[in-house]
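The sequence shown begins at 6 in this note's numbering and counts up one residue at a time.
Heads up, the thing below is written out as structure tokens.
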Amino acid sequence: MWICIINAFGRFEKRTVFMSLLVAFAAGSAAYHPAAWLNTLFLDTIGIEMNAVNLPRSATAAYSAFVGINEEFLKCLITFLIIKDSKNYETPVQGYIYAASAGLGFALLENIYYLKGLNTEMLLMRLCISTPLHISLALIWAAGINAAKFARCGFLQCAAGYIFVSAALHSTYNYQAIYAGSISESAVKTLTVLSVTIITAFFFIRHHKNR
Numbered sequence: 006m007w008i009c010i011i012n013a014f015g016r017f018e019k020r021t022v023f024m025s026l027l028v029a030f031a032a033g034s035a036a037y038h039p040a041a042w043l044n045t046l047f048l049d050t051i052g053i054e055m056n057a058v059n060l061p062r063s064a065t066a067a068y069s070a071f072v073g074i075n076e077e078f079l080k081c082l083i084t085f086l087i088i089k090d091s092k093n094y095e096t097p098v099q100g101y102i103y104a105a106s107a108g109l110g111f112a113l114l115e116n117i118y119y120l121k122g123l124n125t126e127m128l129l130m131r132l133c134i135s136t137p138l139h140i141s142l143a144l145i146w147a148a149g150i151n152a153a154k155f156a157r158c159g160f161l162q163c164a165a166g167y168i169f170v171s172a173a174l175h176s177t178y179n180y181q182a183i184y185a186g187s188i189s190e191s192a193v194k195t196l197t198v199l200s201v202t203i204i205t206a207f208f209f210i211r212h213h214k215n216r
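Right, here's the structure in full:
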């Protein structure tokens with residue numbers, strides 16, 4: 006999916022591909038570790054045990070909402086800080102590519118973490134659904150960092166709305182994944198959220214490309 010995104014925006018440029026790999030590693034890693042720590046701190050603070058059976062819906066909703074906001078904000082902020090002054094960030098197209106790279110890097114680290122705790126079915130579901138979800142969510146807030154870069158407004162002023170949309174979709178995905186009664190139910194519901202996220206992402210991309 007990542008390669009398709011680069012190809013969809015135009016020809017492969019060596020400097021863009023190199024920068025994309027750098028962002029995937031740097032932004033993905035720099036966002037993942039504090040995000041994971043804050044997610045754990047949130048669970049400990051409010052006394053939620055995510056492995057508990059029959060977890061209350063309110064607890065699931067609270068955790069899902071926090072993770073969505075926490076992860077999307079950190080991914081967006083760190084990606085922007087890394088690329089905003091780069092000579093390889095000269096067009097909005099590059100902003101979308103670098104954001105997708107950050108989403109991919111974050112997802113890969115998350116999947117590595119889950120390798121030791123998930124069965125084969127759940128791991129495959131994460132690879133096939135969660136990874137493209139992170140990329141698609143990043144494409145949404147990429148519109149915000151492009152605005153902050155090229156419209157020269159403040160980061161929060163430009164990006165907050167896009168981060169909110171990404172966080173809302175991410176939170177919905179988390180809730181459906183956690184509270185589903187079975188793997189098949191979880192797959193159907195999370196695929197639905199992924200489809201909506203992809204449509205939303207490409208709506209923003211198309212809108213900004215036509216401006």
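Backbone N, C-alpha and C fix where the C-beta goes; we use that ideal spot for every residue, glycine too.
ask   = Exposed or buried, ILE83, counting other C-beta atoms within 10 Å across all chains shown (16 or more means buried)?
value = In the sequence shown, residue 83 corresponds to position 78, counting from 1. Buried is the call here.
task = Could you check if LEU26 is buried or exposed, using at least 16 other CB atoms within 10 Å of its CB as the buried criterion?
result = Position 21 of the sequence shown, counted from the first residue, corresponds to residue 26. Classification for LEU26: exposed.
ask   = Would you call the CB atoms of ALA172 and ILE74 closer than 8 Å?
value = To locate residue 172, count along the sequence shown from 1; it is residue 167. To locate residue 74, count along the sequence shown from 1; it is residue 69. For ALA172 and ILE74, yes; Cβs fall inside 8 Å.
query = Should the stretch 27 to 39 be regarded as contacting the stretch 83 to 94, the criterion being three or more beta carbon pairs within less than 8 Å?
reply = yes
key: Stretch-stretch touch, CB-based, cutoff 8 Å, three pairs: the stretch 157 to 170 with the stretch 132 to 141   = no
ask   = Leaving out the 5 sequence neighbours to the left and right, which residues in its chain are closer than 7 Å to ALA66 when beta-carbon positions are compared?
value = What you label residue 66 is simply residue 61 of the sequence shown in a count that begins at 1. The residues are TYR180.
key: Alpha-carbon to alpha-carbon, ALA153 and PHE160   = For the purposes of this step, residue 160 is taken as residue 155 along the sequence shown, with counting starting at 1. For the purposes of this step, residue 153 is taken as residue 148 along the sequence shown, with counting starting at 1. Roughly 5 Å between the two C-alpha positions.
request  = Determine, using beta carbons only, whether LEU174 and THR205 come nearer to each other than 8 Å.
outcome  = Within the sequence shown, numbered from 1, the residue matching residue 174 stands at position 169. Within the sequence shown, numbered from 1, the residue matching residue 205 stands at position 200. In contact: LEU174 and THR205 (Cβ atoms closer than 8 Å).
key: Proximal residues to SER151 (C-beta, below 6 Å), its chain only, five neighbours per side dropped   = Working through the sequence shown from its first residue, we reach residue 151 at position 146. Contrary to the premise, residue 151 reads as Asn rather than Ser in this sequence. Result list for ASN151: PRO97 and GLY100, in chain order.
message = My output table needs one value for THR202: the three-state DSSP class, helix, strand or coil.
response = Start at 1 with the first residue of the sequence shown, and residue 202 comes out as number 197. Three-state DSSP puts THR202 in a helix.
query = Could you give the C-beta distance for ASN93 and MET24, rounded to a whole number, given that I count them as a contact under 8 Å?
reply = Taking the sequence shown and counting its residues from 1, one reaches residue 93 at position 88. Taking the sequence shown and counting its residues from 1, one reaches residue 24 at position 19. Right, their Cβ atoms sit about 4 Å apart.
message = Less than 8 Å between the C-beta atoms of ALA143 and VAL28, yes or no?
response = The residue labelled residue 143 in the question sits at position 138 within the sequence shown. The residue labelled residue 28 in the question sits at position 23 within the sequence shown. No.
task = State buried or exposed for TYR178, treating a residue as buried only when at least 16 other CB atoms are found within 10 Å of its CB.
result = In the sequence shown, counting from the first residue as 1, residue 178 sits at position 173. Its Cβ being crowded by 16 or more others within 10 Å, TYR178 is buried.
query = Ordered along the chain, which non-local residues of its own chain (more than five positions away) have a Cβ less than 8 Å from that of ARG20?
reply = Along the sequence shown, one-based indexing puts residue 20 at 15. Around ARG20: ASN93.
key: ARG157 - DSSP class collapsed to helix/strand/coil   = Stepping through the sequence shown from its first residue, residue 157 is reached at position 152. ARG157 falls in the coil class under three-state DSSP.
query = Are the Cβ atoms of ILE145 and PHE209 separated by less than 8 Å?
reply = Position 140 of the sequence shown holds residue 145. Position 204 of the sequence shown holds residue 209. It is a contact, given that the beta carbons lie within the stated cut-off.
query = In chain order, what residues of the same chain have a beta carbon less than 8 Å from the beta carbon of ALA156, not counting five sequence neighbours either side?
reply = Position 151 of the sequence shown, counted from the start, is the residue given in the question as residue 156. The answer, listed in chain order, is CYS163.
task = Please name the residue in SER200, THR195, VAL201 and ALA36 whose C-alpha comes closest to that of LEU114.
result = Numbered from its first residue, the sequence shown carries residue 114 at position 109. The candidate whose alpha carbon is nearest that of LEU114 is ALA36.
request  = Rank VAL22, THR195, LEU48 and LEU46 by C-alpha distance to the C-alpha of ALA104 and give the top, closest one.
outcome  = By 1-based counting over the sequence shown, the position of residue 104 is 99. Here the closest residue by C-alpha is VAL22.
request  = Could you please give the first and the last residue of the uninterrupted alpha helix (DSSP H) stretch that includes TYR37?
outcome  = Within the sequence shown, residue 37 is the residue found at index 32, counting from 1. Looking at the DSSP string, the run of the alpha helix (DSSP H) that includes TYR37 is 19 to 51.
Residue environment, THR289, which counts as buried when at least 16 other CB atoms sit within 10 Å = Residue 289 lies beyond the range of the chain shown here (6 to 216); nothing can be said about it.
request  = Would you mind sorting TYR68 into buried or exposed? The rule is 16 or more other CB atoms within 10 Å of its CB.
outcome  = Along the sequence shown, one-based indexing puts residue 68 at 63. Per the 10 Å Cβ criterion, buried.
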